[in-house]
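Below is one structure; the comments refer to it alone.
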Amino acid sequence: MNADLGSPRELTGLQRRRALYQPELPPCLQGTRVRVEFGESTTSIDPKCADIVAQAFPQTFGQKLVHFLEPNSMASDTQAIKEHPPIRVGVLFSGRQSPGGHNVIWGIHDAMKARNPHNVLLGFVGGTEGLFAKKTMEITNDVLSSYKNQGGFDLLGRTVDQIRTKEQVNAAMSTCCDLSLDGLIIIGGVTSNSDAAQLAETFAKHNCKTKVIGVPVTLSGDLKNQFVETTVGFDTVCKVNSQLISNVCLDAVSAGKYYYFVRLMGGKASHVAFECALQSHPNMVILGEEVALSKLTLMEIINKICDGVEARAAQGKYHGVLVIPEGLIESIPEMYALMQEINNLHINNVTEDEIPSQLSPWAAALFKFLPPFIRRELVLHQESDNSAQLSQIDTEQLLAHLVEAEMKRRTKEGNYKGRKFSSVCHFFGSQARGSLPSNFDSNYAYVLGHICVQIVATGLNGYMATVTNLKDSTNKWRCAAVPLTAMMSVRRHLRGPGAVPIGRPVIHPSPIDLKAESYAVLREKASSFLLDDFYRTPGGIQFEGPGANTKPITLTIEDQDYLGDIEILQDYLNKVRTILKPGCSREILKAAISSMASVNDVLKVMSAPLNTELPLYHFN
Ligand SMILES: O=P(O)(O)OC[C@H]1O[C@](O)(CO)[C@@H](O)[C@@H]1O
């Protein structure tokens, strides 16, 4: 564990200014009292799994939805404090770093102190390991001062996102009992929240008074379902990555000689790559969910990319930007089967060195076909949920390598007559993960922290803090608590009536909804993205001014502004193209030049944050 965790740090001017930003609270959380309304009893997100989840979680299954509303009448603060006996709460970072995590802790702290100044908030230093070893730090306003609205998880740090084995669960329970905690708040994604559900069930079974609460914090944005609209950190990470991608796009078009292959961190699902493609308009984006649905093989993907390269070369373009999610590799059917074999060998304690010799003949043949660097990465030890370490597999390099080979083949056979294909590869992961959180993530995290305290105070166990209506302004946000078991399901082996459930109930990462309007937008524009260099420059995160309060595009896409943007720009490009034909007359050129007067406006549109007012412009 790092000895520097939690120490005050020297802040830059921008950080100091950010530390002064006071996140907004919806009206129901602004006073010291909240009206608690119990809703309907819940079941499982997948009704076919309800019995299995109920059997696995007899104590916590079927609990009611809970809404937090504005009180009907206001009580004075002194009255409120009398009503609220002091409580003790523990909090830890369990999942991977995600921008905004510190604000969850700040929100918990402020809500606790507002209810009763004698409340105590303990942070577990070093995440799960700190929890097992009872290593705590009291969270005070002083401790928090240099971490408010700041990136990283370095106030407390984290270790492995796992509280699952009997020893781990028992260690967590004895810590909570010894510290006499009323609540334990676990910050993380699908894995951490699944573990939180198991812990809540065990605590209830053993009459441990500590209530366990989960908070949806993960950059991947894959903890998404009918109750959870997005996760803390997703907005920031997409904004930072979109800026990086758009920088790469402008660099590519300036020199006109490289294809950039960009892989984005984001786990098994492709939410980050999808959102970033909508924000920055790279030439190509390949989502894992599309590949899995159409069962595209590795070589089919390579051919698709090469066809794109050829089509661009026919227009004299020898540069381009391709964006892929880190989970793409697992979505390719033959790679998935190979990775499953490797996973099973890991589960059976076969060492990394021995794995290649124990593969089935077909898997061994595929493994041998792959370049040595990918072979090494594929056999690396597993994640805490027994899956492959996606961040360590350089899929972008594999694609670039195979595309180069295929372009050489096409050249040799005389099918491709353009210039030599050259690539540059990037993996954007921690570059974005460590960013200062956007206003949206700062607010969202702080509000979730407040909701956690309401959950503990209401005596609810095995719940997740949630906020809905996020695409509206903060004063319209709806605050709730949802039983973790309501989000759990069991994977089924086959589709259809013969489907057999496999594995234990957990909260699964949600894939991209390929029927959603936002996906239709992306596909509709795909050929224009491919050929027109229709790059969009969102710029860096804006903390102040009109661009500061933009929401993730996928949350706001229904507003139509985005579709409007794209159509206006395409219309503009078409008009300029029709006017500026080679050999056109002086009059036509003059007309084109005067219509170019609106170029600045167009550029403004292209770099305007979405959902801010767009300038009006006209064509002559
Ligand atoms: O940097 P680390 O700890 O290897 O974590 C990487 C993984 O964490 C996540 O960000 C969250 O699950 C994944 O997207 C990624 O593969």
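For the sequence shown, my numbering assigns the number 13 to the initial residue and increments by one for each residue that follows. Here a beta-carbon is modelled for each residue, glycine too, at the ideal position from N, C-alpha and C.
Beta-carbon proximity of residue i to residue j, cut-off 8 Å
i: E342; j: M351; result: yes
i: T55; j: K76; result: no
i: S399; j: N355; result: yes
i: T140; j: T171; result: yes
i: L168; j: G195; result: no
i: P523; j: M500; result: no
i: F379; j: R388; result: no
i: I344; j: V303; result: yes
i: S106; j: I199; result: yes
i: L496; j: A281; result: no
i: G332; j: N360; result: no
i: E416; j: S447; result: no
i: L231; j: R445; result: yes
i: T72; j: G474; result: yes
i: G278; j: P337; result: yes
i: L534; j: A323; result: no
Of the listed residues the options, nearest to residue i (C-alpha basis)
i: A349; options: L310, A375, Q71; result: A375
i: I151; options: E141, L305, G164, G102; result: G102
i: A498; options: I64, F144, F136; result: I64
i: S254; options: F286, D173, V244; result: F286
i: K470; options: R47, P20, L17; result: What sits at residue 470 in the sequence shown is Thr, not Lys. For T470, the nearest C-alpha among the options comes from R47.
i: Y456; options: I317, L482, H520, F273; result: L482
i: T24; options: H438, S369, G163; result: G163
i: G407; options: T214, R275, L104, R29; result: A quick correction: the sequence has Thr, not Gly, at residue 407. The shortest Cα separation from T407 among T214, R275, L104, R29 belongs to R275.
i: L37; options: L460, E529, T177, G515; result: L460
i: Y272; options: V465, V321, C188; result: V321
i: D484; options: D173, S442, I565; result: I565
i: Q401; options: L104, P39, A68, R108; result: R108
i: E346; options: I519, S372, I175, K424; result: S372
i: C437; options: L357, K125, L414; result: L414
Residue i classed as buried or exposed, judged by whether at least 16 other C-beta atoms fall within 10 angstroms
i: L32; result: exposed
i: L26; result: exposed
i: G328; result: exposed
i: M311; result: exposed
i: Q572; result: Residue placement at Q572 is flagged as unreliable, the pLDDT there being 48, under the threshold of 50; the coordinate-derived value follows with that caveat. Q572 is exposed by the Cβ-count criterion.
i: R421; result: exposed
i: E536; result: exposed
i: Q34; result: exposed
i: F385; result: exposed
i: D525; result: exposed
i: L262; result: exposed
i: S610; result: Residue placement at S610 is poorly supported in this model, since its pLDDT is 49, which falls under 50; the coordinates are not used for a value here.
i: K488; result: exposed
i: H218; result: exposed
i: P59; result: exposed
i: E570; result: Any reading at E570 must be qualified, since the residue scores a pLDDT of 49, below 50, and its modelled position is unreliable; the value itself is stated next. By the neighbour-count rule (16 or more Cβ atoms within 10 Å), E570 is not buried but exposed.
i: F50; result: exposed
i: H130; result: exposed
i: H393; result: exposed
i: R28; result: exposed
i: P449; result: buried
i: G300; result: buried
i: G268; result: exposed
Residue span of the alpha helix (DSSP H) that contains residue i, given as start and end
i: L460; result: 451 to 470
i: T187; result: 178 to 190
i: Y348; result: 345 to 359
i: F495; result: Reading the sequence as shown, one finds Pro at residue 495 and not Phe. Premise fails: P495 lies in the beta strand (DSSP E), 490 to 495, not in any alpha helix (DSSP H).
i: F385; result: 384 to 390
i: S539; result: 538 to 544
i: S306; result: 300 to 306
i: T72; result: From DSSP, T72 is part of no alpha helix (DSSP H); its letter is neither H nor E.
i: G113; result: 113 to 127
i: G155; result: Note that residue 155 is Val in the sequence shown here, rather than Gly. Start and end: 153 to 156.
i: H413; result: 407 to 424
i: L567; result: 565 to 568
Minimum Cβ-Cβ distance from residue i to chain D less than 8 Å
i: R127; result: No chain D is part of this structure, which consists of one protein chain only.
Delimiting residues of the beta strand (DSSP E) encompassing residue i
i: A477; result: 475 to 480
i: P228; result: 223 to 228
i: E150; result: 148 to 150
i: L334; result: 332 to 337
i: C220; result: Element bounds for C220: n/a, residue is neither H nor E.
Any non-hydrogen atom of ligand 3 closer than 7 Å to residue i Cβ
i: G169; result: Ligand 3 is not part of this structure, which contains only ligand 1.
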